[in-house]
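Numbering (the numbering used here), first residue to last: 16 to 415.
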Ligand code: GDP
Ligand code: MN
């Protein structure tokens with residue numbers, strides 16, 4: 016699960032990591048009100064930031080540092096009325112419904128700091144770089160030596176001596192070192208405590224020297240967190256950050272019906288039972304030159320209603336030009352799938368080619384149901400095995 020920047024900043028602040036204070040705004044009026052208050056507290060500049068579950072906002076024009084309430088109004092109006100399109104969103108972009116308005120800070124240096132689950136090392140690894148702010152993937156690609164990696168203890172997290180090594184490698188000096196060490200150690204503890212699979216601060220900044228901070232202040236001005244969904248049950252606070260408007264609507268519908276749905280880029284909708292069968296179905300479609308539009312696993316014992324909902328979801332997608340049903344009935348009864356096909360046909364109508372391959376429990380009854388409903392399923396073909404099914408659906412889609 017992902018969360019918004021303003022929520023991540025709350026977690027950072029609670030963990031003792033310095034973050035400029037911000038306010039959340041849902042409308043232009045609220046953004047203006049927040050900015051008026053922030054300027055009133057003595058800020059010279061205010062930053063307006065779109066809150067979406069994707070980065071690359073700066074380059075897309077959805078992070079704006081401005082110096083008047085009038086300019087905040089303009090930035091907020093733009094962000095709330097345009098889709099945010101960045102390298103991380105895909106061409107369709109994301110709607111912006113929430114803004115963060117915060118006092119802007121002056122920046123001397125931008126660093127990169129993250130901790131992520133490192134499967135190869137079987138632990139969490141700190142990733143740091145003195146080249147923050149820009150896309151870290153580009154730095155990793157062009158200048159791998161500019162990336163520092165430090166594996167941590169899976170439960171105890173990053174130790175202060177390790178954090179000091181990282182601080183030295185980043186070229187920090189004077190009082191910057193103790194500030195950065197504290198931030199890194201606290202971030203590591205936060206990551207372990209919240210079952211986060213990724214915590215990323217980009218940029219971690221150093222402000223110009225001030226009376227209070229003669230070597231500058233080290234602070235976070237952006238943050239991105241991903242959490243392990245399997246651990247959410249024990250993360251009550253993190254659960255409250257869940258934002259359904261940021262999730263794929265079909266994945267949401269499917270999970271409500273107890274189905275596993277993953278949207279893909281192709282045009283062949285797949286309805287399958289079991290993740291293993293789903294994967295081999297996708298492979299064999301690819302082998303025959305097709306492209307799956309989704310991965311929909313109805314699981315072992317879905318109800319008639321749930322399977323009908325699965326068809327509604329698949330058929331509701333414009334990109335779907337053909338449907339392949341591949342069921343191996345063990346616990347799942349084939350006749351239930353057949354009945355769901357018929358009720359979906361009645362309700363939504365199969366206008367696209369449909370190829371059905373059923374095998375296993377109650378398959379005879381299933382065949383009878385489908386035969387009887389033939390007139391309602393004019394685009395249906397049956398298949399003998401998986402290879403036959405994949406061939407039939409890919410050629411039907413090409414022909415259609
Ligand atoms: P992202 O593009 O989605 O990662 O959004 P960020 O929050 O990281 O902002 C992008 C860039 O905007 C940062 O790398 C900074 O250069 C700049 N920026 C963001 N907030 C501030 C701020 O408070 N002051 C200044 N001077 N620049 C900022
Ligand atoms: Mn950033």
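Just so you know, even glycine gets a beta-carbon here, dropped at the ideal spot from N, CA and C.
Q. Which residues mark the beginning and the end of the alpha helix (DSSP H) in which residue 93 is found?
A. As a working note, residue 93 is residue 78 in the chain shown. Unbroken alpha helix (DSSP H) run through residue 93: 84-96.
(Q) Going by C-alpha to C-alpha distance, which of 261, 350, 284 sits closest to residue 384? (A) For the purposes of this step, residue 384 is identified with residue 369 of the chain shown, where counting begins at 1. When only C-alpha atoms are compared, the closest one is 350.
Q) When the Cα atoms are used, what is the spatial distance from residue 173 to residue 373? A) By one-based count along the chain shown, residue 173 stands at place 158. By one-based count along the chain shown, residue 373 stands at place 358. Distance between the alpha carbons of residue 173 and residue 373 is about 53 angstroms.
Q.
Below 6 angstroms, is the gap between the Cβ of residue 217 and the nearest heavy atom of the ligand MN?
A. Counting from one through the chain shown, the residue named residue 217 turns up at place 202. Residue 217: yes, Cβ under 6 angstroms from the ligand MN.
Q: State the DSSP-derived secondary structure class of residue 133, mapped to helix, strand or coil.
A: Counting from one through the chain shown, the residue named residue 133 turns up at place 118. In the structure shown, residue 133 sits in a strand (DSSP, three-state: E or B).
Q) What do you reckon, is the C-beta of residue 237 under 6 angstroms from a heavy atom of the ligand MN? A) Position 222 of the chain shown, counted from the first residue, corresponds to residue 237. Yes, the beta carbon of residue 237 sits closer than 6 angstroms to at least one heavy atom of the ligand MN.
Q | Backbone secondary structure at residue 156 - three-state DSSP | A | For the purposes of this step, residue 156 is identified with residue 141 of the chain shown, where counting begins at 1. Of the three classes helix, strand and coil, the one that applies to residue 156 here is helix, per DSSP.
Q. What separation, rounded to the nearest whole angstrom, lies between the Cα atoms of residue 238 and residue 392?
A. The count along the chain shown starts at 1 and reaches residue 238 at position 223. The count along the chain shown starts at 1 and reaches residue 392 at position 377. Distance between the alpha carbons of residue 238 and residue 392: 51 angstroms.
Q) Just reading off the beta strand (DSSP E) that residue 370 is part of, what are its end residues? A) On the chain shown, position 355 is the one that residue 370 refers to. 369-375 is the extent of the beta strand (DSSP E) around residue 370.
Q: Round the Cβ separation of residue 310 and residue 325 to the nearest angstrom and send it over; I've been treating them as touching at under 8 angstroms.
A: Within the chain shown, residue 310 is the residue found at index 295, counting from 1. Within the chain shown, residue 325 is the residue found at index 310, counting from 1. About 12 angstroms separates the beta carbon of residue 310 from that of residue 325, a gap too long to meet the 8 angstroms contact definition.
Q. Mind checking residue 203: buried by the 16 CB within 10 Å criterion, or exposed?
A. Working through the chain shown from its first residue, we reach residue 203 at position 188. So residue 203 counts as buried.
Q. In whole angstroms, what is the alpha-carbon distance linking residue 308 and residue 289?
A. As a position in the chain shown, residue 308 is number 293, starting the count at 1. As a position in the chain shown, residue 289 is number 274, starting the count at 1. Straight-line spacing of the CA atoms in residue 308 and residue 289 works out to 17 angstroms.
Q. Taking residue 61 as the reference, which of 73, 84, 41 has the closest Cα?
A. Locating residue 61 in the chain shown gives position 46, where the first residue counts as 1. The shortest C-alpha separation from residue 61 is found at 84.
(Q) Taking 8 angstroms as the cut-off, does the region 126-138 touch the region 86-104 (at least 3 CB pairs, one atom from each stretch)? (A) Short answer: they don't touch.
Q) Considering only the beta carbon of each residue, do residue 118 and residue 195 sit closer than 7 angstroms? A) Along the chain shown, one-based indexing puts residue 118 at 103. Along the chain shown, one-based indexing puts residue 195 at 180. Taking 7 angstroms as the Cβ cut-off, residue 118 and residue 195 do not qualify as a contacting pair.
Q) Do residue 388 and the ligand GDP come close, with the Cβ less than 6 angstroms from some heavy atom? A) Translated into the one-based positions of the chain shown, residue 388 becomes position 373. Shortest gap from the CB of residue 388 to any heavy atom of the ligand GDP: 6 angstroms or more.
Q. Using the C-alpha atoms, what's the distance from residue 403 back to residue 302?
A. Here residue 302 refers to the residue found at position 287 when the chain shown is read from its first residue. Here residue 403 refers to the residue found at position 388 when the chain shown is read from its first residue. Distance between the alpha carbons of residue 302 and residue 403: 12 angstroms.
(Q) Can you tell me which residues form a DSSP beta bridge with residue 360? (A) Counting from one through the chain shown, the residue named residue 360 turns up at place 345. Answer is none; residue 360 lacks a bridge partner.
Q.
Please identify the residue among 282, 283, 281, 266 whose C-alpha is closest to the C-alpha of residue 275.
A. For this step, residue 275 is matched to residue 260 along the chain shown. Nearest of 282, 283, 281, 266 to residue 275, Cα basis: 266.
**Q.** Contact belief for residue 412 with residue 305 at Cβ below 8 angstroms, rounded distance in angstroms
**A.** As a working note, residue 412 is residue 397 in the chain shown. As a working note, residue 305 is residue 290 in the chain shown. Confirmed, Cβ separation roughly 7 angstroms.
Q) Is the number of C-beta pairs between the region 178-191 and the region 246-263 that are closer than 8 angstroms three or more? A) no
Q. So what's residue 270 in DSSP terms, helix, strand or just coil?
A. Here residue 270 is taken as the residue at index 255 of the chain shown, counted from 1. Three-state DSSP puts residue 270 in a helix.
Q) So, using beta-carbon positions, are residue 388 and residue 357 closer together than 7 angstroms? A) Within the chain shown, the letter at position 373 stands for residue 388. Within the chain shown, the letter at position 342 stands for residue 357. Contact flag set, yes.
Q: To the nearest angstrom, report how far apart residue 364 and residue 77 are at their CA atoms.
A: Looking up residue 364 in the chain shown gives position 349. Looking up residue 77 in the chain shown gives position 62. C-alpha of residue 364 to C-alpha of residue 77: approximately 42 angstroms in a straight line.
Q: Decide if residue 142 is buried, meaning its Cβ has at least 16 other Cβ atoms within 10 Å, or exposed.
A: As a working mapping, residue 142 is identified with position 127 in the chain shown. Its Cβ being crowded by 16 or more others within 10 Å, residue 142 is buried.
Q) Where does residue 215 sit, in a helix, a strand or coil, going by DSSP? A) As a working mapping, residue 215 is identified with position 200 in the chain shown. Strand.
Q: Report yes if the CB atom of residue 63 is closer than 7 angstroms to the CB atom of residue 74, and no otherwise.
A: Taking the first residue of the chain shown as 1, we reach residue 63 at position 48. Taking the first residue of the chain shown as 1, we reach residue 74 at position 59. Their beta carbons are not under 7 angstroms apart, which means residue 63 does not touch residue 74 by this criterion.
(Q) Tell me the DSSP secondary structure of residue 201 in three-state form. (A) Translated into positions along the chain shown, residue 201 becomes position 186. If DSSP states are grouped into helix, strand and coil, residue 201 belongs with the helices.
Q. For residue 78, is the beta carbon positioned less than 6 angstroms from some heavy atom of the ligand GDP?
A. The sequence position of residue 78 within the chain shown is 63, counting from 1. At least one heavy atom of the ligand GDP falls within 6 angstroms of the beta-carbon of residue 78.
Q: Could you check the C-alpha separation between residue 33 and residue 27 for me, to the nearest Å?
A: As a first step, residue 33 is located in the chain shown; it is residue number 18 there, counting from the start. As a first step, residue 27 is located in the chain shown; it is residue number 12 there, counting from the start. Approximately 7 angstroms, taken between the alpha carbons.
Q. For residue 297, which of helix, strand or coil comes out of DSSP?
A. The count along the chain shown starts at 1 and reaches residue 297 at position 282. In the three-state reduction of the DSSP assignment, residue 297 falls in the helix class.
Q: With DSSP as the reference, label residue 175 as helix, strand or coil.
A: As a working note, residue 175 is residue 160 in the chain shown. It is helical.
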